[in-house]
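A.B. asks:
In our numbering, the protein residues as written are 4 to 205.
1) Could you tell me if residue 70 is buried or exposed, where buried requires 16 or more neighbouring beta carbons within 10 angstroms of its beta carbon?
2) Please classify residue 206 as buried or exposed, where buried requires at least 16 neighbouring CB atoms within 10 angstroms.
3) Within its chain, find whatever has a CB closer than 6 Å to the CB of residue 143; leave out the 5 residues flanking it on each side and keep chain order.
4) Within the continuous beta strand (DSSP E) that includes residue 122, where are the two ends?
5) How would you label residue 26, buried or exposed, when you count the other beta carbons within 10 angstroms and need 16 or more for buried?
6) If you compare alpha carbons, which of 113, 149, 59 and 93 is closest to residue 130?
7) Using the three-state DSSP reduction, which class does residue 151 fall into: helix, strand or coil?
8) Just verifying my parser: in three-state terms, what is the DSSP assignment at residue 81?
9) Can you give me the C-alpha to C-alpha distance between residue 41 and residue 66, rounded to a whole angstrom?
10) Would you grab the beta carbon distance between residue 89 and residue 155 for me? Rounded to a whole angstrom, and I think it's under 8 Å.
11) Between which two residues does the beta strand (DSSP E) holding residue 98 run?
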């Protein structure tokens with residue numbers, strides 16, 4: 004009887020009484036979780052499968068535990084992006100870059116990675132880290148890498164776009180106007196930049 008009463012009370016409770024739980028530990032394999040640096044937690048992760056030959060990679064974006072961009076004031080920590088290759092039940096770390104994912108305080112009023120849903124998109128042998136903000140400022144910074152059979156993951160391109168509020172009095176005008184054409188950065192011909200070595204130009 005007591006058990007039934009507890010169940011009925013739980014069902015009758017308002018939804019606002021429930022608290023969202025963090026992502027379960029199963030979000031990344033335990034073989035990866037054991038290799039994460041101390042003090043960091045998973046922000047986002049995605050599986051990348053390629054063929055010819057068949058290979059499977061796990062991309063894991065990390066952030067400092069409990070970090071809140073609203074209280075950082077220029078002291079945000081790096082956000083490592085780790086690449087693991089799966090070999091049976093083992094996960095081998097094959098790349099790390101602390102500069103691809105923008106730090107929490109690099110977006111002004113917003114978090115440039117989490118406020119864009121912590122996006123890492125996959126297309127064939129390419130993956131793209133999508134940074135961007137749409138609060139106060141409006142801009143995107145997408146960085147793409149591709150898998151080279153001999154060199155591993157290498158830089159392919161960086162695409163930057165920004166928009167400003169439209170000051171036109173026309174009620175039918177778009178709310179935002181693009182600040183010029185998309186800017187694209189690519190490696191210099193013959194200069195292959197490995198994933199772990201990539202940095203944004205100063």
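Note that beta-carbon positions come from the ideal geometry of N, C-alpha and C, so glycine has one too.
C.D. replies: To lay it out plainly:
1) For the purposes of this step, residue 70 is taken as the residue at position 67 of the chain shown. Flag for residue 70 reads buried.
2) With the chain represented from 4 up to 205, any question about residue 206 goes unanswered, as that position is not in the structure.
3) Taking the first residue of the chain shown as 1, we reach residue 143 at position 140. 135 and 164.
4) Counted from its first residue, the chain shown places residue 122 at position 119. For residue 122, the enclosing beta strand (DSSP E) starts and ends at 122-126.
5) Your numbering for residue 26 matches position 23 in the chain shown. With a pLDDT of only 38 at residue 26, under 50, the local geometry of the prediction cannot be trusted, and the value read off the model is given with reservation. By the 10 Å Cβ count, residue 26 comes out exposed.
6) Locating residue 130 in the chain shown gives position 127, counting from the first residue. Ranking 113, 149, 59 and 93 by Cα distance to residue 130 puts 149 first.
7) To locate residue 151, count along the chain shown from 1; it is residue 148. Here residue 151 sits in strand by DSSP.
8) Start at 1 with the first residue of the chain shown, and residue 81 comes out as number 78. DSSP, reduced to helix, strand and coil, places residue 81 outside both helices and strands of the structure shown, so it counts as coil.
9) In the chain shown, counting from the first residue as 1, residue 41 sits at position 38. In the chain shown, counting from the first residue as 1, residue 66 sits at position 63. Computed Cα separation, rounded: 11 Å.
10) Counting from one through the chain shown, the residue named residue 89 turns up at place 86. Counting from one through the chain shown, the residue named residue 155 turns up at place 152. Rounded, the Cβ-Cβ distance is 15 Å, inconsistent with contact.
11) Within the chain shown, the letter at position 95 stands for residue 98. Taken as a continuous stretch (DSSP letters only), the beta strand (DSSP E) holding residue 98 covers 93-104.
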